[in-house]
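Data block below; observations after.
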């Protein structure tokens with residue numbers, strides 16, 4: 291009887307552990323890999339030619355940080371993250387670190403697997419076809435991406451944008467990000483113009499029935515937490531992590547001079563049209 295009760299208690303502990311560690315982040319698979327998540331956004335073009343062709347008309351972001359002076363900011367971010375105990379972060383908090391080759395800054399969030407269900411009836415069937423055959427659809431002209439591309443000319447006077455490190459933040463027990471701040475008054479002025487044009491683009495897509503993100507917080511995503519309950523354990527460590535990042539990022543900036551539309555199929559694979 292005692293042995294039976296002991297086994298029951300042990301099984302209960304195991305079940306509670308499994309429930310606690312269950313993946314509840316839709317961007318991550320149960321085996322802690324990157325889940326399929328398709329969509330398109332405007333991204334700032336990374337300095338330098340850090341793209342790798344994946345088809346005749348698509349190239350994927352592939353940042354090679356070693357000896358790339360123009361990507362020193364990204365390299366410092368990666369080194370700061372590596373200075374933490376990333377193995378413990380994965381084991382204890384199910385932190386899935388993004389590869390540094392995929393680092394980027396999103397300028398505007400477009401349509402994706404999470405919000406495409408809100409597209410109104412007129413375009414819903416077209417959206418279904420677009421997302422089912424995503425990469426080839428993105429590479430071709432399409433009414434869903436047309437407003438995004440047409441908006442680019444209106445953003446021309448908003449560049450250059452030079453950012454510095456702001457804070458290391460944990461967002462909603464879902465992700466770990468490095469926020470960016472304007473480096474000087476000129477960037478602040480350009481950024482204000484950029485935000486206004488961004489709002490105008492949102493209005494165009496809201497006509498499709500989709501609620502777009504109005505708030506703009508430039509950042510570099512460093513990784514995602516697979517389980518939100520476990521991620522709560524990181525809050526007490528953030529002050530120390532913050533100091534580590536400030537030490538690595540002091541006097542580092544990154545400058546963007548353009549942006550364009552990028553498609554993505556998960557959180558590590560972002561590609562742009564090259565024809």
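Residue numbers (our numbering): 291 to 565. For glycine and all other residues, C-beta sits at the position ideal for the given N, C-alpha and C. The model shown is predicted, which means the values in this text are computed figures rather than measured ones.
Asked                                                                                                                             : Found
Given 8 Å, three or more beta-carbon pairs between the segment 395 to 412 and the segment 491 to 504                              : yes
Inter-stretch contact at 8 Å, needing at least 3 Cβ pairs: the segment 322 to 339 / the segment 544 to 554                        : yes
Residue 363 versus 554, 560 and 538, residue with shortest Cα-Cα distance                                                         : 538
Euclidean distance between Cα positions of residue 568 and residue 452                                                            : Because the chain is modelled from 291 through 565, residue 568 falls outside the range shown and cannot be assessed.
C-alpha gap between residue 249 and residue 414, whole angstroms                                                                  : Since the first and last residues shown for the chain are 291 and 565, residue 249 lies out of range.
Under 9 Å between C-beta atoms of residue 458 and residue 471                                                                     : no
Exposure label - residue 368; buried when at least 16 CB within 10 Å                                                              : buried
Beta-carbon contacts of residue 439 that lie in its chain and below 7 Å, excluding the five residues immediately before and after : 551
Separation of residue 395 from residue 386, as counted between CA atoms                                                           : 18 Å
Beta-carbon proximity list for residue 365, same chain, < 6 Å, skipping 5 on both sides                                           : 355
Cβ pair residue 317, residue 502 closer than 9 Å                                                                                  : no
N-terminal and C-terminal residue of the alpha helix (DSSP H) that residue 380 is part of                                         : 376 to 383
Start-to-end residues for the beta strand (DSSP E) that takes in residue 468                                                      : 465 to 472
Sheet register partners of residue 567 (DSSP bridge)                                                                              : Here the chain has residues from 291 to 565 only, and residue 567 is not among them.
Residue 506 and residue 535 closer than 9 Å at C-beta                                                                             : no
Beta-carbon gap between residue 348 and residue 515 smaller than 9 Å                                                              : no
Straight-line Cα distance separating residue 389 from residue 399                                                                 : 21 Å
Status (buried if at least 16 other CB within 10 Å, exposed otherwise) for residue 525                                            : exposed
Where residue 549 sits in the DSSP three-state scheme                                                                             : strand
Beta carbon of residue 372 nearer than 9 Å to that of residue 311                                                                 : no
Identity of the residue in 402, 564, 346 and 520 nearest residue 378 by Cα                                                        : 520
CB of residue 572 within 9 Å of CB of residue 326, strictly                                                                       : Because the chain spans 291 through 565 in this model, residue 572 falls outside it and cannot be assessed.
For residue 523, the nearest candidate out of 460, 559 and 432 (CA to CA)                                                         : 460
Sequence-distant residues of its chain with Cβ nearer than 7 Å to residue 463 (five each side left out)                           : 515, 518, 521 and 522
Assumed close pair residue 416, residue 401 - CB separation to whole angstroms, cut-off 8 Å                                       : 11 Å between Cβ atoms; not a contact.
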